[in-house]
Amino acid sequence: MDSSADGWSNAFRGIPVFPAGLTTSRIQLRVQAINYASRGWPAFPGTYPDGEKWIGGDSEGLAPVRQDWQELIGSTLDEVASWWSEKPYGVLVATGTAVNAIEVGPDLGHQAAKVLRKLDTPVPIVATPDRRWYFLTAEEAQLRPELAEISGVRVHGAGSWIPMPPTAFPQGTVHWRVKPEVCDWQLPSPAFVQEVLCAGLSVDSKSYEVAELAVAGS
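For the sequence shown, UniProt numbering begins at 1 and goes up steadily by one.
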């Protein structure tokens with residue numbers, strides 16, 4: 001794990017939100033799609049914005065370009081590269097494979113990030129311009145009751161997908177809150193992430209609670 005000053009200490013710094021055209025190009029999207037696929041994260045194309053319109057599908061928002069997107073899981077790197085040869089498609093990753101995620105709102109996301117700082121244990125976190133946070137996990141798991149009852153908290157596992165940086169939205173780009181390089185591309189267990197999220201439900205997380213989490217996450 002990279003615990004250097006330029007690594008973990010800066011990991012939670014977001015990026016400025018600029019118009020999509022200033023931060024995202026087809027080449028950037030293609031490079032990152034290949035990067036994800038090379039690590040076993042099944043990348044495939046999503047729709048992309050043109051002003052307030054979404055291009056590449058029938059959806060009014062971000063969505064897979066192909067309805068049979070699950071058939072694309074397991075594609076070769078050459079095939080992945082070809083999908084971004086002409087258009088700046090969004091980069092989506094299929095979950096339920098080598099990567100899964102727990103999606104939360106910004107308030108819980110920020111609080112959970114505070115807990116992770118106290119633990120000095122970074123985990124990859126994706127954030128979107130529409131204020132959704134995705135905590136990446138190694139496996140899929142059912143939500144704990146205290147999380148399941150919160151509106152907007154959901155698990156992305158088999159049959160689902162998540163947006164990945166640097167996918168464009170009309171108001172900005174998807175970005176890393178914590179880059180996977182900081183964690184050597186190692187994903188945490190869903191149990192650990194859910195413990196962190198539950199601790200984040202309390203703004204005043206107690207030191208002993210954090211200490212217990214540190215043991216659980218070790």
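Yeah, the Cβ is synthetic: ideal placement off N, Cα and C, and Gly gets one too.
Just so you know, these numbers come straight off a predicted model, no measurement behind them.
Looking only at Arg132, Leu119 and Leu108, the smallest Cα-Cα distance to Pro165 is reached by Arg132. Here the C-alpha atom of Leu143 lies approximately 8 Å from the C-alpha atom of Arg154. Nearest Cα to Gly61 within the set Tyr89, Ala81, Cys198 and Trp41: Tyr89. In this structure, the CA atom of Ile125 is about 17 Å from the CA atom of Gly172. Rounded to the nearest whole angstrom, the C-alpha separation of Gly157 and Glu103 is 11 Å. DSSP, reduced to helix, strand and coil, places Leu29 within a helical segment of the structure shown. In the three-state reduction of the DSSP assignment, Ala158 falls in the coil class, being assigned neither a helical nor a strand state. CA-to-CA, the gap between Val196 and Arg117 works out to about 11 Å. Glu146 and Cys198 have their alpha carbons spaced roughly 7 Å apart. Within the same chain, Trp41, Val93, Leu136 and Leu187 come within 7 Å of Val99 by CB-CB distance, once the 5 residues on both sides are set aside.
As the crow flies, the alpha-carbon of Thr97 is around 20 Å from that of Val65. Under a 10 Å Cβ-count criterion, Ile27 is classified as exposed, with fewer than 16 other Cβ atoms of the shown protein chains found around its own Cβ.
Ranking Ala168, Ala191, Trp54 and Glu52 by CA distance to the CA of Val123 puts Ala191 first. The beta carbon of Ala81 sits closer than 7 Å to those of Arg30 and Ile34, all from its chain and outside the five residues before and after it, given in chain order.
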